[in-house]
Amino acid sequence: MSGPIHIRKDETFTLNVGPQHPATHGVLRVKMEMDGEYIVKAETVLGYIHRMHELMGENRTYPQVLPNLSRLDYLGAMGYTHGHVLAVERAAGIEVPERAEYVRAIMVELNRVASHLFWFGAFVMDLGGFTPLMYAIEDREYILDMLEAVTGSRLTYCYFRFGGLYNDVDDDFVNAARAFIPRMRKSLKKYDALVTGNIIFRKRLENIGPISAEMCRKYGATGPVARGAGIDFDVRKNEPYSVYPEFDFDVPVYHECDSLARYKVRMDEMEQSLRIIEQGLDKLPEGPIMPKKKPKLIKPPKGDYYQAVETARGSFGIRIVSDGTKNAYRFKLRSPTYSNMSLFDEACEGMMIMDALAMMGSLDLVIPEIDR
Amino acid sequence: MDLTIFNAVIAVVIAIAFAAANAAYLVLAERRGAGRIQRRPGPNVNLFGILQPPCDGIKLMTKQLMIPGGADKALFMVAPVLAMAPAIMSFVTIPFSDTIVAHSMNIGVLMIFAFASFGGMAILLAGWGSRNKYGVMAAVRAVSQNISYEVPMLITVITVVMMTGSMDLREISLSQSGGIWNWNIFPISMKDGFMLQPMMPISFLIFFICSLAETNRAPFDLGEAESELVAGFHTEYGSMGFGLFFMGEYANIVIGASLITILFLGGWDCPLGLYPGVWWFLLKIYLLIFSFIWIRWTFPRTTIYGLLNLSWKILIPISLFNLLLTAGLLKVF
Amino acid sequence: MGAYFSEIFLGLWSLLIGLGITFKEFFKPVVTVPYPFKTIKMSDRYRGHIELVEDESGEPKCIACMMCQRACPSGCISITTKTEKYEVEVDGEMKTKKRKILIGWDLNFTTCSLCGQCVESCNKDAINFSKEYNLASFNKEDFHFDLLNRLKERNS
């Protein structure tokens, strides 16, 4: 409720939320000018976990950058490596076998569900409810186990390769994924009853933290933040890549522009991801997972290449400017959370601190991905 | 029982022992309960975690008591004591059974509420004295919360007192004896002639919500609000200062559960009127404490304005209506 | 007025539903593993730090071609070799030839990102992943693995 507020601009104090604060989920610092519980002005301060991934991308060969991409966003690492391999494949003109494309899509969607599950738990914990986090982590654990059995790691996957995959999925994985889908649907119903329907939860989110479509366009916000503001934009639909045109899925859009709308978008997205996984498992073709002829050393021809993918947090873009050598001349990452977070300063003005932090939770910030 | 100095000392020692033991083992119960709700075992090393509270206590006591620079030293030191002492004092007048009571007073209800108001004071002093912005914000929140929840709570107590005609906790308990149908939570009472008060279950609910808010328990734990205000009023407290706040919180929970039991659930009375005694009292308060724990680990936290709206727009009007209705019904029957 | 009361009742009802769910969960078995007392088996493809693979004679398969060192993104592999002259009989004539001998295979696990590029780049299948994950230490030096020594210790 950001109702009529009378703010005394002459008697304010500065509150440092972060770099170590339970609500910022990492080392984000927000300098808040406060009038009591109301925020007069907020300023996000970045750079506490800057690791120069872009510069590393320019100093390393293309395959060597691959593990870096999964360190951007440790919750949805598959999507980011997917962006990189797609960009380099586009640049170097590498064909990808069909099976590899399907497995990639299944993996990315599984990882998206895992990421949203963790966000769901962390978001409810931001609001003070601790138990849903544990239930979400339990479900997420099934996904991580499945992914670990295939990729060998639990969070920072380095599974995709230029032209295909590191190794193939087996029947165990297919069966486990099939068994997971009904289980996850049941869990989603449980979350709906436990959290979405809860009056306290709804009161804290309804009409709180309005982020309009105009503001999203101004700051370049994408993903669930933009879809919660009524912008029907999903890279998977609008600029299709990989095998996504083959799948039948919807893009959930809500027009309320509040924190609850962003919450609902993500909850619906989980269901849509399950649908994609289901279809992917049904359509999964047999065949090789790496192309027959693949250049030993990847040297894309001179040019400027861009590839956007829809990650769990929004549109993630990779721009590669190649000068024909084995290193990129320019390696630019457009991280979705950076844009999503930028609007926090403007959106939280005049809000109460607890509403502002609830809104911050609904933006789904992963700080290493902002600072990259 | 004559109140000699000797008796008083014994009573206070027993009260402190009871409060401290409860506080220590309710922490364990809370953690194990939370664990079960979250599908994990909780502290289970060495015989279901029996040794966890003593270990925690030793850890807290051996830590250095840090006083932040610029803090108001006197207030900083006095606040934790103020959180714990009133809770212990309140135990003195609580009747655990017909005979087990340290000092039965004819204004027992008043005394407990007078001491309960100290809880808000302790939080205010802690937040203010520790010179921490989060602490001050939490203190202000907690005080406005305590003030707004004392109003419906006291109005509800007045309805019960009106129906019983006594402010002695023992008298209130005795007036409900003889089985579940005589308890105040039920709309019908047959004790001294037929009496119908349809709002009684709602009074119980109001009192229950208010005691959650008074003890700063989730979903009303705005004074702590760990995801917004770091740790709220005890951000700067470590060592036994923090330990006393912790113990005070649990002692207050025991007081709250005892009050609910005495005012609404018949005190030490058995539901079927058989073998009344202290065991029934303890069973009831621990069931209530379990429900406190259960509620804490189920719901997200309310907002400060949501909390005040609940009090002033819902609980106070309903309890005022309830008060008027009770007064009218007392005239009729 | 009607909306006021219906909101109260629906709100209370939603709270009761939530309580019902957590109550049901209360009686379900725990799903966690009490870690130091019980451990779970790692999957076959689990990627721990790398280990050298031995051939039938117990010697490392590694031929010190440096492919892995070049492929490693973080430069955490350092292979030391020495050149040794040896004589070999070719067409009835003794010729002196040079060959590289592996004398050290060090892995600096502090910078390793477990990407698996080294294993993939290896043409001789001389490295694979270990299944170790209980790797905690107070010393940085404990993560500088001498893989040749580890291989010897494993064999002895």
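These protein sequence lines are chains C, U and F, in that order. In terms of the numbering used here, the first sequence is residues 62 to 433. In terms of the numbering used here, the second sequence is residues 4 to 336. In terms of the numbering used here, the third sequence is residues 134 to 289. Every residue gets a Cβ at the ideal spot worked out from N, C-alpha and C, and that includes glycine.
According to DSSP, is residue i helix, strand or coil?
{"i": "F/Thr213", "result": "strand"}
{"i": "C/Arg222", "result": "strand"}
{"i": "F/Thr172", "result": "coil"}
{"i": "C/Tyr302", "result": "coil"}
{"i": "F/Pro167", "result": "coil"}
{"i": "F/Asp239", "result": "strand"}
{"i": "F/His277", "result": "strand"}
{"i": "C/Gly378", "result": "strand"}
{"i": "F/Glu226", "result": "strand"}
{"i": "C/Pro83", "result": "coil"}
{"i": "U/Thr7", "result": "coil"}
{"i": "C/Pro356", "result": "coil"}
{"i": "U/Ser314", "result": "helix"}
{"i": "C/Leu76", "result": "strand"}
{"i": "C/Gly422", "result": "helix"}
{"i": "F/Val221", "result": "strand"}
{"i": "F/Gly181", "result": "coil"}
{"i": "C/Ser214", "result": "coil"}
{"i": "U/Ile342", "result": "Absent from the structure is residue 342 of chain U, since the part of chain U shown begins at 4 and ends at 336."}
{"i": "U/Phe245", "result": "helix"}
{"i": "C/Ser37", "result": "In the structure displayed, chain C extends from 62 to 433; residue 37 of chain C sits before or after that span and is not available."}
{"i": "U/Ala22", "result": "helix"}
Assuming residue i and residue j make a contact with CB atoms under 8 Å, what is their CB distance in whole Å?
{"i": "F/Thr244", "j": "F/Ser207", "result": "4 Å"}
{"i": "U/Pro98", "j": "U/Gly259", "result": "Actually they are not in contact, since the Cβ atoms of U/Pro98 and U/Gly259 sit about 16 Å apart, beyond 8 Å."}
{"i": "C/Ala210", "j": "C/Asp233", "result": "7 Å"}
{"i": "U/Phe267", "j": "U/Phe324", "result": "Rounded, the Cβ-Cβ distance is 18 Å, inconsistent with contact."}
{"i": "C/Val149", "j": "C/Phe223", "result": "5 Å"}
{"i": "C/Met95", "j": "C/Leu76", "result": "5 Å"}
{"i": "U/Pro222", "j": "U/Thr305", "result": "5 Å"}
{"i": "C/Glu98", "j": "F/Val164", "result": "Actually they do not touch by this definition, with Cβ atoms about 39 Å apart."}
Using the rule of at least 16 other Cβ atoms within 10 Å of the residue's Cβ for burial, across every protein chain shown, is residue i buried or exposed?
{"i": "C/Asp416", "result": "buried"}
{"i": "F/Val219", "result": "The identity of residue 219 of chain F in the sequence shown is Tyr, whereas the question assumes Val. With fewer than 16 Cβ atoms within 10 Å of its Cβ, F/Tyr219 is classed as exposed."}
{"i": "C/Tyr305", "result": "buried"}
{"i": "C/Gln81", "result": "exposed"}
{"i": "C/Asn299", "result": "exposed"}
{"i": "U/Trp315", "result": "exposed"}
{"i": "U/Tyr137", "result": "buried"}
{"i": "U/Ile110", "result": "exposed"}
{"i": "U/Met4", "result": "Residue placement at U/Met4 is poorly supported in this model, since its pLDDT is 49, which falls under 50; the coordinates still yield a value, given next. Exposed, by the Cβ-count rule."}
{"i": "U/Gln67", "result": "exposed"}
{"i": "U/Ile191", "result": "exposed"}
{"i": "U/Met140", "result": "buried"}
{"i": "C/His316", "result": "exposed"}
{"i": "C/Asp293", "result": "exposed"}
{"i": "F/Ser139", "result": "exposed"}
{"i": "U/Thr7", "result": "exposed"}
{"i": "F/Gly225", "result": "exposed"}
{"i": "C/His111", "result": "exposed"}
{"i": "F/Ile173", "result": "exposed"}
Tell me whether the region 263-277 of chain C and the region 420-428 of chain C touch, counting them as touching only if at least three CB pairs, one residue from each stretch, are closer than 8 Å.
Cβ pair count under 8 Å is three or more, so yes.
Using a Cβ-Cβ cutoff of 7 Å, what residues of the region 261-284 of chain C are near chain U? List them in chain order.
Ile261, Phe262, Lys264 and Arg265
When you check each C-beta in the region 148-162 of chain F against every C-beta of chain U, which residues fall closer than 9 Å?
Residues passing the 9 Å Cβ filter: Leu148, Gly151, Leu152, Ile154, Thr155, Phe156, Glu158, Phe159, Phe160, Lys161 and Pro162.
Pull out every residue of the region 298-315 of chain U whose Cβ sits closer than 8 Å to any Cβ of chain F, in chain order.
Ile298, Trp300, Thr301 and Phe302
State whether the region 126-146 of chain C contacts the region 322-335 of chain C, with contact taken as three or more CB pairs (one from each stretch) at a distance under 8 Å.
no
Measuring CB atoms only, is the region 178-185 of chain C touching the region 277-295 of chain U, in the sense that at least three cross pairs come out at less than 8 Å?
no
Residues of the region 33-45 of chain U with a CB closer than 7 Å to any CB of chain F: list them in chain order, please.
Residues passing the 7 Å Cβ filter: Arg39, Ile40, Arg42, Arg43 and Pro44.
Are there three or more Cβ pairs, one per stretch, closer than 8 Å when the region 339-354 of chain C is compared with the region 166-173 of chain C?
yes
The region 88-95 of chain U in contact with the region 109-126 of chain U per 3-pair CB rule at 8 Å
Result yes; three or more Cβ-Cβ pairs closer than 8 Å.
contact_flag[the region 253-262 of chain C, the region 134-151 of chain F] where n(CB pairs < 8 Å) is 3 or more
yes
Inter-stretch contact at 8 Å, needing at least 3 Cβ pairs: the region 247-262 of chain U / the region 64-79 of chain U
no
Give me the subset of the region 352-374 of chain C whose CB atoms are less than 9 Å from a CB atom of chain F, sorted by chain position.
none
Using a Cβ-Cβ cutoff of 9 Å, what residues of the region 103-137 of chain C are near chain F? List them in chain order.
Met117, Arg121, Thr122, Pro124, Gln125, Val126, Leu127, Pro128, Asn129, Ser131 and Arg132
Could you run through the region 234-263 of chain F and flag, in chain order, every residue whose CB is less than 8 Å away from some CB of chain C?
Ser246, Leu247, Cys248, Gly249, Gln250, Glu253 and Phe262
Selection of the region 201-235 of chain F by Cβ proximity to chain U, strictly under 9 Å
none
Along the region 242-257 of chain C, what residues have a CB closer than 7 Å to any CB found in chain U?
none
Assess, as a yes-or-no matter, whether the region 130-142 of chain C is touched by the region 367-386 of chain C under the definition of 3 or more beta carbon pairs within less than 8 Å.
yes
Interface residues of the region 161-186 of chain F facing chain C [CB-CB below 7 Å]
Listed by position along the chain: Val164, Ser176, Arg178, Tyr179 and Arg180.
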